[in-house]
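In the working numbering, the protein residues as written are 119 to 515. By construction, the Cβ of each residue, glycine as well, lies at the ideal position given by its N, Cα and C atoms. Source: prediction; values computed, not measured.
Below you can see the structure in the form of C-alpha cells.
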C-alpha cells in the first residue's frame with residue numbers, strides 16, 4: 119500500500135490549493151456495488167482534503183443528492199455508452215478518476231486533458247472472452263468495446279485494483295507494470311453493516327420463513343456458480359430438512375433464472391429457495407444478520423464485497439477457495455472447492471450444527487472485516503492521486 123504519500127505533493131500544486139478531481143461514474147438511481155463505492159469514496163475523499171466533482175455518463179433522468187458530492191456534470195450519451203463511454207466533454211480538473219474499468223475506452227477515443235486514474239474492479243469479462251459457458255459478452259459490441267477498454271487501461275497513469283488478484287490479472291493479461299498499479303481494497307459502511315437485532319417485519323415483506331437459511335447475494339451470471347449452491351442445499355437436506363436458501367439479486371442474465379428454477383425443481387429443493395429480486399437498501403443488513411451462514415461458490419471474482427458485508431454483520435461465511443475470496447476472507451471463512459457441493463454442504467452443516475464453530479467464525483469475521491473501511495480506501499486513493507500528480511506536474515521529473 120502507498121498510504122504514506124502526500125495528497126498534495128511538492129511542486130504539483132500551490133500550497134493553498136486543494137487537489138481538484140473529476141470522478142467519472144454513471145450516477146445510477148439504484149444502489150449497486152459500484153454506485154456505493156463512488157458515493158462512499160466521494161464523501162471520504164472530501165474528508166481527507168480532496169475536492170471532488172462527479173461527472174455522469176448517464177443521459178437524462180432524475181438527479182439525486184448524494185453525500186457532499188458537489189456539482190454533477192450531466193454528459194449527453196446514448197444509453198449503451200453509459201457503460202462504455204467513447205466521447206466526453208471534460209471539465210477542467212487536476213486529475214481524472216474513472217471509477218470502473220469499462221470507462222477506459224474513452225482514453226483511446228476522447229482522453230481528458232490531464233492525468234488519469236482508473237479503478238479496476240476486475241477484468242473478468244476479458245479473461246472469459248473465449249469461454250463458451252462463462253462469457254459475459256452478449257453481443258459483438260460488448261466484446262469490441264470491452265476490448266477497447268482494456269486497451270485504454272494501458273494509457274492510464276495509474277490503476278487502482280480492488281485486490282492483489284486483480285493486480286496480478288492486469289500484469290499477466292494486459293502487460294501493465296506493477297509500478298503503475300495500486301492495490302486499494304473496497305470497504306463497507308460499518309454503521310450499516312454490523313451486528314444488530316433483526317426486525318422480524320422483513321420476513322413477511324420478502325416471504326422468508328422462520329427457519330435457518332443460507333444467504334447468497336449476487337447475480338446469476340454463470341461464473342457465480344449458483345447451481346453449486348442449489349446442489350449443496352440438496353445435500354444439506356439429507357440431514358437438515360429445515361434449511362432454505364435465500365438468493366438476493368435480480369434475474370438479468372438471459373435464461374439463467376429459468377435454468378436455476380428447473381435445476382432446483384429437479385433436485386427437489388424448489389420450495390426451499392426464496393428468490394428476492396430487489397431489496398430495500400436498509401433491509402440488506404437485516405438479512406445478513408438473520409442468516410445462519412453466507413455462501414458464495416463464485417469461480418471468478420475481483421474482490422467479493424458481500425463476503426465483507428456478511429462478516430461485518432457477524433455472519434459466518436462459507437465460500438469458494440478462489441484467489442480473491444481467499445485474499446479478502448483470510449482465515450475468517452470456511453473455504454472449499456468451488457465445484458464441490460458436498461464440500462459446501464459439509465462446511466454449511468458444521469456451522470449450523472456447532473455453536474462453537476459458529477461463534478468462532480462470527481468473531482473472526484468481525485475482526486477480519488474491521489480493516490475494510492472507506493476512510494482507509496480514501497486515504498490510499500488520495501495517496502495514489504498524489505503520486506500521479508507529482509509525476510505529472512513536477513517539472514523536475
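What is the DSSP secondary structure of residue i, counted as helix, strand or coil?
i           : result
residue 171 : strand
residue 451 : coil
residue 158 : helix
residue 137 : strand
residue 391 : strand
residue 335 : strand
residue 192 : Unreliable positioning characterises residue 192 in this predicted model, as indicated by a pLDDT of 45, which lies under 50. A coordinate reading is not provided.
residue 481 : helix
residue 499 : helix
residue 491 : coil
residue 505 : helix
residue 473 : helix
residue 384 : helix
residue 511 : helix
Measuring CB to CB, does residue i end up less than 8 Å from residue j?
i           : j           : result
residue 138 : residue 172 : no
residue 309 : residue 244 : no
residue 366 : residue 418 : no
residue 332 : residue 236 : no
residue 449 : residue 416 : no
residue 392 : residue 436 : no
residue 431 : residue 313 : yes
residue 316 : residue 299 : no
residue 357 : residue 459 : no
residue 453 : residue 443 : yes
residue 403 : residue 311 : yes
residue 507 : residue 264 : no
residue 446 : residue 281 : yes
residue 305 : residue 492 : yes
residue 499 : residue 252 : no
residue 271 : residue 222 : yes
residue 351 : residue 381 : no
residue 385 : residue 338 : no
residue 466 : residue 387 : no
residue 109 : residue 433 : For the chain, the structure presents residues 119 to 515; residue 109 sits outside this window and is missing.
residue 206 : residue 241 : no
residue 278 : residue 502 : yes
residue 441 : residue 283 : yes
Taking DSSP's pairing of strands, which residues face residue i in a bridge?
i           : result
residue 143 : 174
Find the nearest neighbour of residue i within the set the options, judged by alpha-carbon distance.
i           : options            : result
residue 307 : 494, 478, 233      : 494
residue 151 : 222, 239, 140, 224 : 239
residue 471 : 498, 330, 501, 372 : 330
residue 505 : 355, 234, 174      : 234
residue 480 : 426, 502, 274      : 426
residue 455 : 320, 359, 343      : 343
residue 268 : 278, 259, 226      : 226
residue 294 : 327, 273, 348, 283 : 273
residue 362 : 485, 354, 429      : 354
residue 336 : 421, 321, 210      : 421
residue 401 : 476, 441, 371, 323 : 323
residue 439 : 451, 288, 429      : 451
residue 230 : 141, 383, 170, 241 : 141
residue 423 : 486, 214, 287, 209 : 486
residue 166 : 511, 510, 496, 502 : 496
residue 214 : 169, 407, 468      : 169
residue 321 : 374, 478, 394, 255 : 394
residue 325 : 405, 468, 154, 488 : 405
residue 372 : 218, 488, 257, 248 : 257
Distance cutoff 8 Å, beta carbons only. Does residue i sit that close to anything in chain B?
i           : result
residue 324 : Considering every chain present, this structure includes no chain B. It has just one protein chain.
Check whether the Cβ of residue i sits closer than 7 Å to any heavy atom of the ligand FAD, and report yes or no.
i           : result
residue 387 : In terms of ligand content, the structure shown is empty, and the ligand FAD therefore cannot be addressed.
Worksheet item: Which residue spans inside the region 195-277 form an unbroken beta strand (DSSP E) run of at least 3?
Response: Counting only runs of 3 or more, we get 213-216, 234-238.
Worksheet entry | Contiguous beta strand (DSSP E) assignments of at least 3 residues, all confined to the region 395-466 | With a minimum length of 3 residues, the continuous beta strand (DSSP E) runs that stay inside the region 395-466 are 411-414, 435-438, 452-454.
Worksheet item: In chain order, which continuous runs of the beta strand (DSSP E) of length 3 or greater are located wholly inside the region 341-382?
Response: Taking only runs of at least 3 residues, the beta strand (DSSP E) segments lying wholly in the region 341-382 are 362-366.
Practice prompt. Tell me the start and end of each unbroken alpha helix (DSSP H) in the region 277-326 that is at least 4 residues and wholly inside, in chain order.
Written response: Within the region 277-326, the complete alpha helix (DSSP H) runs of at least 4 residues are 282-292, 319-324.
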